[in-house]
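Okay, so the sequence shown: first residue is 692 according to the working numbering, each after it adds one.
Note that CB positions come from ideal geometry on N, CA and C, so glycine has one too.
Predicted model, so just to flag it, every value in this text is computed and none were measured.
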Amino acid sequence: MTAFDTNILIYSCDCADSKRQQRAFELIAGVPEGVLLWQTAVEFMAASRKLTSQGFTAAQAWARLHEFMEVLQLVIPSPRAFEYAQPLHQEQGVSFWDVMIIGACLDGGITTLYSEDLPGRIFKAPLQIVNPFR
Numbered sequence: 692m693t694a695f696d697t698n699i700l701i702y703s704c705d706c707a708d709s710k711r712q713q714r715a716f717e718l719i720a721g722v723p724e725g726v727l728l729w730q731t732a733v734e735f736m737a738a739s740r741k742l743t744s745q746g747f748t749a750a751q752a753w754a755r756l757h758e759f760m761e762v763l764q765l766v767i768p769s770p771r772a773f774e775y776a777q778p779l780h781q782e783q784g785v786s787f788w789d790v791m792i793i794g795a796c797l798d799g800g801i802t803t804l805y806s807e808d809l810p811g812r813i814f815k816a817p818l819q820i821v822n823p824f825r
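Dropping the structure here:
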């Protein structure tokens, strides 16, 4: 299964960078076994406020969230996500919100996470973190 970090969801709506927007949209629409993490869905709604200067409204953000849920299975983490997240946060110094996404991926059996922010860090196999813009 494949999940998307919040920045990928935001880029799919961001008209300021048409190349990233197109790439993000293609990934979300075209990845087999794509999933939407509950946390990234919530973060998407909060971060979409950054797009108001482009005319992107709260109503459009809600509509896009519903579109994501039509093509991606929503994954809600179990308490085990905290067990995966804690050592990454305490021992590797990864931000709390990032380790919660990683923990949710590990908990949910997700093998690929598309993220612009996290590649290059070492996390537990079998999770691979891929920057789709490189």
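Assign residue i to one of three DSSP states: helix, strand, or coil.
i: residue 802; result: coil
i: residue 707; result: coil
i: residue 727; result: strand
i: residue 693; result: strand
To the nearest angstrom, report how far apart residue i and residue j are at their CA atoms.
i: residue 713; j: residue 768; result: 29 Å
i: residue 696; j: residue 744; result: 22 Å
i: residue 758; j: residue 730; result: 16 Å
i: residue 727; j: residue 760; result: 7 Å
i: residue 781; j: residue 793; result: 14 Å
i: residue 746; j: residue 752; result: 11 Å
i: residue 821; j: residue 809; result: 8 Å
Assign residue i to buried or exposed, taking buried as 16 or more other Cβ atoms, counted over all protein chains shown, within 10 Å of its Cβ.
i: residue 789; result: buried
i: residue 709; result: exposed
i: residue 704; result: buried
i: residue 725; result: buried
Please state whether the Cβ-Cβ distance between residue i and residue j is less than 8 Å.
i: residue 795; j: residue 762; result: no
i: residue 786; j: residue 699; result: no
i: residue 755; j: residue 824; result: no
i: residue 804; j: residue 707; result: no
Meets three-Cβ-pair contact criterion under 8 Å: the stretch 788-806 and the stretch 762-776: The stretch 788-806 makes contact with the stretch 762-776; the number of CB pairs closer than 8 Å reaches 3 or more.
The stretch 776-786 touching the stretch 732-748, judged by at least three CB pairs closer than 8 Å: Taking one beta carbon from each stretch, the stretch 776-786 and the stretch 732-748 have fewer than 3 pairs nearer than 8 Å; the two do not touch.
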